[in-house]
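Worksheet: one structure, shown below.
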Amino acid sequence: MTMLRRRVGGAELEVIVADITTLGVDAIVNAANTSLLGGGGVDGAIHRAAGPDLVAECRMLHGCKTGDAKITRGYRLKAAHVIHTVGPIWNGGTLGEDDLLVSCYRRSMELCGKHRLTSVAFPAISTGVYRFPAERAADIAVRTTIEMLPQAPSVARVVFCCFSEPGASLHSEALVRHSGPC
Ligand code: ADP
């Protein structure tokens, strides 16, 4: 379900409520953990939908640092690629959590630019078991993605794929705040 769509520069930014594993975009972003070998939440759902070849490719990447991102193929997913990024675990906000979450969106958008991807879908990284406050995370997600658009000129469509309506409302408010007048 689409909650909001806004044009920013040359790109269309959308907030939707959906299961990210069902989306036919160039890349879906995975909120992974440092092992890259699968976990719960959106990570588990992506690995289940992609099939066992995904974890086999991930094994060759030897993990990923918090705030960094790595790209693989999408295997059985409709999405051609998966960008695996590792969000910070929320610890009260004094351990650089904001900067690390910014880095997740930056590094993911850099990979989109490098691989000339045209569409990308993000889940609400770190807002599940990693407990990052949802409103603060939505603001960082939308603001950072918009800031990165000039460095990923191939990207014509960005989807903020939320798993709940309250989550989508927070992203919609952030998109209105950061996209300027219509
Ligand atoms: P993290 O460990 O980074 O917190 P989680 O997977 O626990 O990652 O949660 C991140 C966000 O992804 C949460 O907002 C959660 O509701 C959402 N989520 C879980 N499954 C899906 C899915 N299939 N599609 C989209 N979002 C999902």
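Residue numbers (UniProt numbering): 1 to 182. Don't be surprised by glycine CBs; every beta carbon is placed ideally from N, CA and C. None of the values given here were measured: they were computed from a predicted structure.
Using only CA atoms, which one of Ala137, Met60 and Asp19 lies nearest to tyrosine 105? Distances from the CA of tyrosine 105 to each of Ala137, Met60 and Asp19 were compared; the closest alpha carbon is that of Ala137.
Say yes only if the C-beta of proline 123 is nearer than 8 Å to one or more non-hydrogen atoms of ligand 1, and no if none qualify. For ligand 1, at least one heavy atom lies less than 8 Å from the Cβ of proline 123.
Please classify valine 129: is it buried, with 16 or more other beta-carbons within 10 angstroms of its beta-carbon, or exposed? By the 16-neighbour rule on beta-carbons within 10 angstroms, valine 129 is exposed.
Note down the Cα distance separating valine 8 from alanine 27, rounded to an integer number of angstroms. 20 Å
Strand pairing of leucine 4, partner residues [DSSP]: Val15
Along the chain, where does the alpha helix (DSSP H) containing arginine 136 start, and where does it finish? 134–148
Quick check on histidine 171: buried or exposed, where buried means 16 or more other Cβ atoms within 10 Å of its Cβ? buried
For valine 42 versus valine 159, is the C-beta spacing smaller than 9 Å? no
In whole angstroms, what separates the C-alpha of threonine 66 from that of threonine 34? 7 Å
Buried or exposed, going by whether 16 or more other CB atoms sit within 10 Å of the CB of alanine 50? Buried: at least 16 other Cβ atoms inside 10 Å.
With a threshold of 8 Å, are at least 3 pairs of Cβ atoms found where one atom belongs to the segment 90–104 and the other to the segment 72–79? no
Do cysteine 161 and isoleucine 20 have their C-beta atoms closer together than 9 Å? yes
Taking phenylalanine 163 as the reference, give the member of Asp68, Met148 and Thr127 with the closest Cα. The residue with the shortest Cα to Cα distance from phenylalanine 163 is Thr127.
Any heavy atom of ligand 1 within a distance shorter than 8 Å of the CB on cysteine 161? yes
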